[in-house]
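What follows is a short report on a single structure.
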Amino acid sequence: MPISNKPVLVVDDEVLIRDCVQKGLESLRGWKVLRADTGITGLATAKEEQPDVILLDVSMPEMDGIRTL
């Protein structure tokens, strides 16, 4: 199993999904998981942290995933 400290940003409005994705990425790949619960927060986190990967929920209130992208 490759271990890496690559940062990945998970943007999803549902906490259970963020939790599951985080646990999977950390335990299976050793990635550093950053989390955001809205598109607006996701954009700010992405700008500040510059993650290698962004996993983005398409259906979110306020700013959906397509608009965030």
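Following this note's numbering, the numbering of the sequence shown begins with 1165 at its first residue and continues without gaps. Built from N, CA and C at the ideal position, the CB exists for glycine as well. Keep in mind the model is a prediction, meaning the values are calculated, not measured.
Integer-rounded CB distance, given that residue j should sit under 8 Å from residue i
| i | j | result |
| --- | --- | --- |
| Asp1177 | Pro1225 | 6 Å |
| Val1197 | Glu1190 | 6 Å |
| Gly1203 | Arg1231 | 6 Å |
| Asn1169 | Gly1194 | 7 Å |
Candidates the options, of which the one nearest residue i by Cα
| i | options | result |
| --- | --- | --- |
| Ala1200 | Arg1231, Val1175 and Met1227 | Val1175 |
| Leu1173 | Gly1229, Lys1211, Ser1223 and Val1217 | Val1217 |
| Val1185 | Met1227, Leu1219, Ala1208 and Lys1211 | Leu1219 |
Cβ of residue i within 8 Å of any chain B Cβ
| i | result |
| --- | --- |
| Val1185 | As a matter of chain content, chain B is missing from the structure shown, which is built from one protein chain. |
Same chain, Cβ closer than 8 Å to residue i, five either side skipped, listed in chain order
| i | result |
| --- | --- |
| Glu1213 | Pro1171, Leu1173 and Leu1198 |
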